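Using my numbering, the letters of the sequence shown correspond one by one to residues 368 to 921. Notes follow once the structure below has been shown.
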Amino acid sequence: MPRSSQNGMLTLLKIRNLALVDHLEWDLGGGLVGVTGETGAGKSVIVGALKLVLGERADKGIIRTGEEQCTVEAIFNLPDVSVINEILEESGLDLCEGSELIIRRIVGAKSNKQFVNNGIATLGVLKRLGQHLVDLHGPHDHQSLLSPERQMAMLDAYAGAGAEMQKYRDLWSQWRDAQEEYEVARAQREVGDQEKELLRFQVEEIDAAALKAGEEVDLEERFRRTSNASRLGELAGLAGELLTQTVSPGLEELQRLTHELSKIDPAVSDLSDEVEGSVAQMQELERCVSDYLGELDLDPEEVRNVEERFNLLETLKRKYGPTIEDAIEHAEDARQRLEGSDNREAYLAGLKDGVENSLKKLRTAARKLSTKRKKSAPALAQEIRNHLVDLGFKQGEFEVELNAREEPGSVGLENVEYLFGPNPGEPLKPLRQVASSGEISRVMLAVKNALADQDSTPLMVFDEIDANVGGEIARAVGVKMASLGERHQVVAITHFPQVAAVAHQHFVVEKRVEGGRSISSLTEVSGEGRIDELVRMLGGGGDSAREMAKSLLV
368 MPRSSQNGML TLLKIRNLAL VDHLEWDLGG GLVGVTGETG AGKSVIVGAL KLVLGERADK
428 GIIRTGEEQC TVEAIFNLPD VSVINEILEE SGLDLCEGSE LIIRRIVGAK SNKQFVNNGI
488 ATLGVLKRLG QHLVDLHGPH DHQSLLSPER QMAMLDAYAG AGAEMQKYRD LWSQWRDAQE
548 EYEVARAQRE VGDQEKELLR FQVEEIDAAA LKAGEEVDLE ERFRRTSNAS RLGELAGLAG
608 ELLTQTVSPG LEELQRLTHE LSKIDPAVSD LSDEVEGSVA QMQELERCVS DYLGELDLDP
668 EEVRNVEERF NLLETLKRKY GPTIEDAIEH AEDARQRLEG SDNREAYLAG LKDGVENSLK
728 KLRTAARKLS TKRKKSAPAL AQEIRNHLVD LGFKQGEFEV ELNAREEPGS VGLENVEYLF
788 GPNPGEPLKP LRQVASSGEI SRVMLAVKNA LADQDSTPLM VFDEIDANVG GEIARAVGVK
848 MASLGERHQV VAITHFPQVA AVAHQHFVVE KRVEGGRSIS SLTEVSGEGR IDELVRMLGG
908 GGDSAREMAK SLLV
């Protein structure tokens, strides 16, 4: 009977127009869910659909021929959605209502879209969510088990050292930051004598100029005037001559004429007054031009001072500019660097103390972490050995080896190595050196069972990981999967009747031809229908095969 999982489970998977599937709605229960079918019937479509839900990139070639797009929708029921909601909130998506999480993926011929709880999401969000939803393993998908980082994470989970590891990581980051700051400061410690001398020269040069922000505006105007004094005098002199020799005499004659007119005809007296006013203005203008000419008779020393000041500012702007403000700021920066170089030793000593204090705290946290690891490593190894015995390695050996480091690493004061020896008398080897995929699949299943209580992933999918094991071991593999199904929802895609027979639910993938096209379907089997499928998987017929199928279900 279907059962629920304490970690949650995938309750519904909808597939439309994906490969050979035109339309499929798969209602799953908890425990071990077996999926069987003939080779080529389309069992791989289920794994492909789940990979789409997990954010794997998709090619339009997966769309069913003749269709514009394919759709995959997964509904998860999760008792604890706190981690999921944290990711959704960070991504600006709607949080889960109750315990339900809905992920939908649309792959089109021209564009792809993905949705989480009806909000548009990125593939990155799907991947982050997927890490907390599905643990998928194929015949050769064991890289996570071979990774030293993953092996250490497994040991820490078994040891219940999550809090200690988080504290260690925080202290590790602080120590690394303190180290980096110290190394950068030390590399800059010695400002060479030549550079110091240059800095002193720059400060003195700029300070000696007594620069004032904005002074170049007034200076440029004065410089322009002094440097063009000759031309200005020439123009002003011509203007003065024009006024005194031509304009003023003409106006005076005009004034005499209008005055005579006004005596004869009083009606033009206003005109006479206007002319008289113009004469007064011209006289004032003559005085202004005369005064200006007097001012242009500059003191040669003043002219020289203006030119020198202007040239000095231009030089400082070229060297430290492009503005006077930049030159002033450069002097201040150089002054601070000089002061900093003088105080560098005391500053470095303080940074070094900070590094040593951080390292001291880090080592204290690392020792607490190491204590838990050393205590739990033998227990984890023994539990894995027990499961390996059940999986056919009657005399197999398994060790969780911890190797001390001289300096703290990213995961602590030790490295970990999972060692495996399937045959007695042979030396144990690291898992990554185990060549047989059949062996490594069973080791992975043993590790998953040992860590079942610590692993909170709702759904585990095993895609034909039993492909390279013998028939006598298949039953044991199935039993282990069923045991794992007591704490997780487990989907096992298998060719072995021994595995399918222990499943809490059994689904069969079938391929048929309708209207000249191949269509895959998924059907739950029970009772006689399940026995029929097991008989097919046994490869035989008749009463004996049927009795054997029935015996597998006991």
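Backbone N, C-alpha and C fix where the C-beta goes; we use that ideal spot for every residue, glycine too. This structure is a prediction, so every number in the text was calculated from the model and none was measured.
| said: Taking only three categories from DSSP, how would you classify Lys579? | reply: Secondary structure of Lys579 (DSSP, three-state): coil.
| query | Between the C-alpha atoms of His871 and Trp542, what's the straight-line distance to the nearest angstrom? | reply | His871 and Trp542 have their C-alpha atoms some 51 Å from each other.
| field | Nearest-angstrom beta carbon gap, Glu895 and Val875 [assumed within contact, 8 Å] | value | Not a contact, Cβ separation roughly 13 Å.
| query | For Asn678, does the count of other Cβ atoms within 10 angstroms reach 16, so buried, or fall short, so exposed? | reply | Exposed, because fewer than 16 other Cβ atoms sit within 10 Å of the Cβ of Asn678.
| request: Could you pull out every unbroken beta strand (DSSP E) segment of at least 3 residues lying fully inside the region 754–821, listed in chain order? | output: Entirely contained in the region 754–821, the beta strand (DSSP E) runs reaching 3 residues are, in chain order, 764–776, 779–788.
| task | Alpha carbon to alpha carbon, how far is Gly907 from Leu920? Give it in angstroms, no decimals. | result | Leu920 and Gly907: Cα-Cα distance of roughly 17 Å.
| message | Short of 7 Å in beta carbon distance, which residues of its chain neighbour Leu769, apart from the five on each side in sequence? Order them along the chain. | response | Cβ neighbours of Leu769 beyond the five flanking positions: Arg740, Lys741, Ala744, Glu781, Val783.
| Those runs of the beta strand (DSSP E) which lie wholly inside the region 416–504 and span at least 3 residues | You should have 436–444, 467–475, 479–483, 501–504.
| Residue range of the unbroken beta strand (DSSP E) whose run includes Leu350 | Outside the modelled stretch of the chain, which goes from 368 to 921, sits residue 350, for which no answer is possible.
| Proximity to Glu440 [Cα-Cα], best of Ile413, Gly459, Lys847, Ala552 | Nearest Cα to Glu440 within the set Ile413, Gly459, Lys847, Ala552: Ile413.
| said: Among Thr403, Glu706, Ala647, Gly805, whose alpha-carbon lies nearest the alpha-carbon of Arg567? | reply: That would be Glu706, whose Cα lies nearest to the Cα of Arg567.
| message | Once the 5 residues before and after Leu747 are set aside, which same chain residues still bring their CB inside 7 Å of it? | response | Within the same chain, Leu747 has close Cβ partners Leu522, Tyr525, Val767, Ala817.
| query | Does the Cβ of Leu624 have 16 or more other Cβ atoms within 10 Å, making it buried, or fewer, making it exposed? | reply | Under the 10 Å beta carbon count, Leu624 is surrounded by fewer than 16 other beta carbons and is classified as exposed.
| task | Rank Gly527, Arg472, Gly688 by C-alpha distance to the C-alpha of Cys437 and give the top, closest one. | result | Among Gly527, Arg472, Gly688, the Cα nearest to that of Cys437 is on Arg472.
| Just the Cα atoms here: how many angstroms apart are Arg383 and Glu914? | Cα to Cα, the separation comes out at about 38 Å.
| said: Beta-carbon within less than 7 Å of Tyr736's beta-carbon, same chain only, minus the 5 sequence neighbours each way: which residues are those? | reply: It is worth fixing the name first, because residue 736 is Leu in this sequence and not Tyr. When the five nearest sequence neighbours on each side are left out, the beta carbons in the same chain lying within less than 7 Å of the beta carbon of Leu736 are those of Ala528, Glu531, Met532, Tyr535, Gly779, in order along the chain.
| request: Output the boundary residues of the beta strand (DSSP E) element that contains Glu392. | output: First-last of the beta strand (DSSP E) with Glu392: 388–394.
| field | Buried/exposed call for Leu387, threshold 16 Cβ in 10 Å | value | Buried, since its Cβ has 16 or more Cβ neighbours within 10 Å.
| said: Using the Cβ count rule (16 or more neighbours within 10 Å means buried), how would you classify Leu385? | reply: Buried, because 16 or more other Cβ atoms sit within 10 Å of the Cβ of Leu385.
| field | the region 478–497 in contact with the region 459–467 per 3-pair CB rule at 8 Å | value | Cβ pair count under 8 Å is three or more, so yes.
| query | Using the C-alpha atoms, what's the distance from Trp393 back to Val844? | reply | Straight-line measurement puts the Cα of Trp393 at about 25 Å from the Cα of Val844.
| task | Throw me the rounded Cβ distance for the Val857 and Leu399 pair, which I believe falls under 8 Å. | result | About 5 Å separates the two Cβ atoms, so the contact holds.
| Quick one: is Val584 buried, meaning 16 or more other Cβ sit within 10 Å of its Cβ, or exposed? | Burial check for Val584: the Cβ neighbour count within 10 Å stays below 16, so the residue is exposed.
| field | Closest Cα partner of Glu571 within the set Glu699, Gly617, Glu582, Val551 | value | Measuring from the Cα of Glu571, the nearest candidate turns out to be Glu699.
| So does the region 490–501 actually touch the region 415–432, counting three or more Cβ pairs closer than 8 Å? | Yes, since at least three Cβ pairs between the region 490–501 and the region 415–432 fall closer than 8 Å, the two stretches touch.
| request: Given a cut-off of 8 Å, decide if His873 and Arg897 are closer than it, judged by their beta-carbon atoms. | output: Note that the C-beta distance between Arg897 and His873 is below 8 Å.
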